[in-house]
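Here is the structure we will look at.
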Amino acid sequence: MKAFKTLTKPLNPLYMLVLFDILAFFLLYIRKTPFDTQALIVGGALLAGTLLIYILTGIFQLGDRYMLLITAMLISIGELILYRLDSSLGLKQAIWLGVSFLVYFLCYGLFGLITFWKRIIWVFPLLSVLLFLLTMVFGTTVNGSKNWIFIKGMSIQTSEIIKLLFVFFLACYYSQRERLMDKYPRIWVTLIFMMLSYTMMGLMILQREWGTPMLLFLVFTLMLYIFEKDLRLFLLNGIAAAAASAVGLLFVHHIRVRVEALVNPWKDIAGKGYQITQSLFAIGSGDFFGRGIGLGRPDFIPDVKTDFIFSAICEEMGMFGGAAVILLFLLLAYRGFKIALECSDTFYKALALGITLIFAFQAFIIIAGVIKLFLLTGITLPFISYGGSSMVVNFAAMGILQRIAALRETEGGC
Amino acid sequence: MKTDKKIVHALLVICLLFSMLIVYLTYFELFVKDKIISNSYNQRLNADNSSVLRGSILDRNGEVLAKSQFKGETQERVYPYGSLYSHIIGYNSRVYGKSLLEANYNDYLSNRYDAHTLMDILAKLEGFDPAGANLTLTLDHNLQAQAEKLMRNLKGAVVVMNPRTGEILAMVSKPDFDPTGSKLEASWRTLVESPDSPFLSRATQGLYAPGSTFKVVVSASALDHGLADKVYKDTGITTIDGKEFRNAGGKAYGEINLSQALSVSSNTYFARLGTDLGASALKKAAEAFGLEKDVPFELPFNKSRFPYKEMSQTDLASVGIGQGKILVTPLHMAMIASSIANDGVMMQPWLVKDIKTVNDITLQEGKPRVLAQPISAQTAQALKEMMVDVVKSGTGKKAAIKGITVAGKTGTAQNETTGGKKEQEHAWFIGFAPADDPTVAVAVIAEYSGSSGGDLCAPIAGKLMAAWLNGK
Chain D
2 MKAFKTLTKP LNPLYMLVLF DILAFFLLYI RKTPFDTQAL IVGGALLAGT LLIYILTGIF
62 QLGDRYMLLI TAMLISIGEL ILYRLDSSLG LKQAIWLGVS FLVYFLCYGL FGLITFWKRI
122 IWVFPLLSVL LFLLTMVFGT TVNGSKNWIF IKGMSIQTSE IIKLLFVFFL ACYYSQRERL
182 MDKYPRIWVT LIFMMLSYTM MGLMILQREW GTPMLLFLVF TLMLYIFEKD LRLFLLNGIA
242 AAAASAVGLL FVHHIRVRVE ALVNPWKDIA GKGYQITQSL FAIGSGDFFG RGIGLGRPDF
302 IPDVKTDFIF SAICEEMGMF GGAAVILLFL LLAYRGFKIA LECSDTFYKA LALGITLIFA
362 FQAFIIIAGV IKLFLLTGIT LPFISYGGSS MVVNFAAMGI LQRIAALRET EGGC
Chain A
439 MKTDKKIVHA LLVICLLFSM LIVYLTYFEL FVKDKIISNS YNQRLNADNS SVLRGSILDR
499 NGEVLAKSQF KGETQERVYP YGSLYSHIIG YNSRVYGKSL LEANYNDYLS NRYDAHTLMD
559 ILAKLEGFDP AGANLTLTLD HNLQAQAEKL MRNLKGAVVV MNPRTGEILA MVSKPDFDPT
619 GSKLEASWRT LVESPDSPFL SRATQGLYAP GSTFKVVVSA SALDHGLADK VYKDTGITTI
679 DGKEFRNAGG KAYGEINLSQ ALSVSSNTYF ARLGTDLGAS ALKKAAEAFG LEKDVPFELP
739 FNKSRFPYKE MSQTDLASVG IGQGKILVTP LHMAMIASSI ANDGVMMQPW LVKDIKTVND
799 ITLQEGKPRV LAQPISAQTA QALKEMMVDV VKSGTGKKAA IKGITVAGKT GTAQNETTGG
859 KKEQEHAWFI GFAPADDPTV AVAVIAEYSG SSGGDLCAPI AGKLMAAWLN GK
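Chains D and A supply the protein sequences, listed in that same order. Going left to right, the first sequence walks through residues 2 to 415 as the numbering used here numbers them. Going left to right, the second sequence walks through residues 439 to 910 as the numbering used here numbers them.
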């Protein structure tokens, strides 16, 4: 069988992953006195889970194996760093990973079974508004953004779900556009589409959340560029964004503070510039090769488990470790684009592209933020940062992307 | 298809954005990080790996010179002998960072050296808590304490070393300071602003005119050029190119040869010898003895200076008596004395005997290393005999030790502040013992003391050599 044949190749990238996991969790095992057996269990479970998914994917042709390996590498790096930062957090994340694996297969199966996606375009904006209202009523403010719902001690970040709803909405629209435009006046269709899109992004701004709207806006802009035959809409959107940024810069305190922190964080190092300078200290003290796992002091970085996890990676694995993570995301994006390019059905094409762009831009925004290349906004680094909602949603998206990849392979085009 | 082409454009945008991240990170690590990580808001500077106990520093007999202990969550560094080792061990301050051995061996002391992960496992298997590695120095605590006592009211430096191996046995620079964290932090400003420069490690970084002690180098050159029997008439004063050179006290010694001239430290003799030897011979001799050369050492070590390109007649005469623009460090003078003691072979000085883990695995071991051979064994032997005469019957009598033959040379050096005034001169002594089989060499300087090397420094050197030879 093909799946087993590839396993015997010594240069199979799978073995790099296995080697990395073994080294990483052995290191965590011997780091403490007495030795930390829990690290071995977590590492073993993670490795077993990844191998199982890899083999199942190989045997039953469940999508793109490379994308799976890249994702597995990212979650291994994330789990290593999180466990090193706080072993109880590492354990929780491992449990979330287990849940995410299940969600991955669930979404993989469901997405294939449901064939009426294109006909329920109105569901996605509606669900977004519903989620928004839910958080307005029951929500809790975390780090200045009111986008969390706590249910029986479990917290759900609704913006993570809206992210996925948004790309579904875009995919549905572009697959249905011709039909809708035949039925209704073209200008009205376009107007309503733009309005709904901006509403979905704008709702989150009302919750004082900046990262996800910016992410969705970037995805939206590229989707406009790719799928609109007429570039005027793309340009109009750009002008609107420029105007909105200017207004934001002038009148919104939140944005001004962040721009000041980007331009000169040293001026107010104890206040506005604190987070970003602490992150820069960490990246700087890591130098090119890093201080070594467990040898740095990433505990000095604020929010290191979520937003600033990339700084911790740079401190302990060095700039080369950080560059490896960046390249993994680039490879992931490449595989995603490849899937999108090979689809002929617009819905699948747009959906694959939307999900891929979400992964890529989200990684870019947060990494650029913590290295002070761009405005810092609080979003997670996909597959690496701590967080149940984000991990589960990312795996759900990955499951869908993999199903599209599988459809493309098995049914001769999707 | 047009959409697919645009998708490729989007992919290119993503590629561009991600390469920007990598380029910026590289730029940051190369050009930005050095400027920012020393910012006082970087808490790493203060909280260096505080969970692992910092290693100790011991003398050659296991006496603890520096150790760390836990005080609640944090560690504190304890220096049982206060200021005694401040110019060797340096300080390890939460606020002001680290210096000297504390800085240079920080990786070992704080358990960050390359193989520490493996060593930690071995330590754990033997039931030890992983801790920083311990440094054992070549220093002898008793000798160091005595040297400090003898120098207590002076400014200057003492270096005692083993001429056969290059091991540093004692090294004191005065004034010094208490490196204990709380005291250092309380007195930092005073120390930094003090005109006495207590932070200057004079033994290794102080540059002084060598004065008459440099006559041994000039003598070595004379011996190599067959001028051992050269006789000049010493009238107490000689004029070279319009500049006067006088003997100390204006004494005239009559017709003297090289050996007699060294013994009484005749300036008129050596000034003329300098002009007779000429620029290339003097320069060659100076370079052979290591002036203008960087010498590897565990502490910052300034190279001694011989900054002449062209030399006039007065320059030659000045260098002949160890004045002019030449500058040396006390440690370097001890190395010069050692090389004469060690049959002309100059050993590399060293301070760290070994580095061992908490469970006694040796990570690094110091070894005697030959640095150079400035002179032949015969020349060394001849110089040695001349230097024995200096202590037996010349200017260095006060360095004599009962029952042991001592070789030495005194020096009294004019410097930038004297301007002809005696009360600002540096007093020097270099020497070694026992002359027939030397095991200890010394250099002593008392800066701006106004005394002569024979009166002030020779007794200090004698006492230290006696202490070492009798103590063993």
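For every residue, glycine included, the Cβ atom is placed at its ideal position computed from N, Cα and C.
Unbroken beta strand (DSSP E) run spanning residue i, endpoints
i      : result
Q761/A : It is not in any beta strand (DSSP E) - Q761/A carries neither H nor E in the DSSP assignment.
I799/A : Element bounds for I799/A: n/a, residue is neither H nor E.
Q584/A : Q584/A -> not in any beta strand (DSSP E); alpha helix (DSSP H) instead, spanning 579 to 589.
Y670/A : 670 to 672
F739/A : Element bounds for F739/A: n/a, residue is neither H nor E.
M609/A : 606 to 612
E678/A : In the sequence as displayed, the identity of residue 678/A is Ile instead of Glu. 675 to 678 is the extent of the beta strand (DSSP E) around I678/A.
N544/A : N544/A -> not in any beta strand (DSSP E); alpha helix (DSSP H) instead, spanning 544 to 547.
L374/D : Careful: L374/D lies outside any beta strand (DSSP E) and carries neither H nor E.
Start and end residues, alpha helix (DSSP H) containing residue i
i      : result
T446/D : Look at the range of chain D in this structure, 2 to 415, and you will see that residue 446/D is not part of it.
E631/A : 619 to 631
S831/A : 815 to 831
G473/D : For chain D, the structure presents residues 2 to 415; residue 473/D sits outside this window and is missing.
6 Å Cβ shell around residue i - same chain, five flanking residues per side excluded
i      : result
A397/D : V104, C108
F102/D : G50
S777/A : M784, P812
R404/D : Y109, F112, G113
T381/D : T307, G388, S391
I206/D : P214
Contacts around residue i, its chain only, beta-carbon distance under 7 Å, and the 5 residues preceding and following it disregarded
i      : result
D949/A : Within the shown structure, residues of chain A are numbered from 439 to 910, placing residue 949/A beyond reach of any answer.
R684/A : G674, I675, N705
G570/A : V490, L491, R492, G493, Y546, L547, S548, N549
P768/A : A595, V597, R640, A641, G644, A881, I883
F228/D : Y175, A351
G274/D : A262, P266, W267, K268
Contacts around residue i, its chain only, beta-carbon distance under 8 Å, and the 5 residues preceding and following it disregarded
i      : result
T560/A : With the sequence shown as reference, residue 560/A is identified as Leu, and Thr is not the correct amino acid for it. Correct list, in chain order: T795, N797, I799.
A660/A : A666, K668, L696, L711, L715
D558/A : N549, P568
G413/D : For G413/D, the predicted model reports a pLDDT of 49, less than 50, meaning its position is unreliable; a value from the coordinates is still stated below. Hits under 8 Å: none found.
Paired residues, beta bridge with residue i - DSSP
i      : result
G869/A : G846/A, V880/A
F195/D : The identity of residue 195/D in the sequence shown is Met, whereas the question assumes Phe. DSSP lists no partner for M195/D.
Q507/A : E514/A
F151/D : S156/D
Closer than 7 Å to chain A by CB, residue i
i      : result
M74/D  : no
M68/D  : no
S176/D : no
M263/D : Rather than Met, the amino acid found at residue 263/D in this sequence is Leu. With 7 Å as the cut-off, L263/D does not count as an interface residue toward chain A.
G274/D : no
S280/D : no
S286/D : yes
I385/D : no
F311/D : no
Cutoff 7 Å: residue i Cβ touching any chain D Cβ
i      : result
Y479/A : yes
F566/A : no
D442/A : yes
L560/A : no
L455/A : yes
R710/A : no
L449/A : yes
E885/A : no
R482/A : yes
P646/A : The sequence shown places Tyr at residue 646/A, not Pro. Not one chain D Cβ lies under 7 Å of Y646/A.
L563/A : no
Y465/A : no
K473/A : no
Stretch pair the segment 682 to 701 of chain A + the segment 725 to 736 of chain A: three plus CB contacts closer than 8 Å: no
Meets three-Cβ-pair contact criterion under 8 Å: the segment 241 to 251 of chain D and the segment 453 to 471 of chain A: no
Segment contact, 8 Å Cβ cut-off, at least three pairs: the segment 129 to 142 of chain D with the segment 444 to 451 of chain A: no
Cβ contact check for the segment 292 to 306 of chain D and the segment 65 to 77 of chain D: 3 or more pairs under 8 Å: no
Touching by the beta-carbon criterion (3+ pairs, under 8 Å), the segment 336 to 352 of chain D and the segment 196 to 206 of chain D: no
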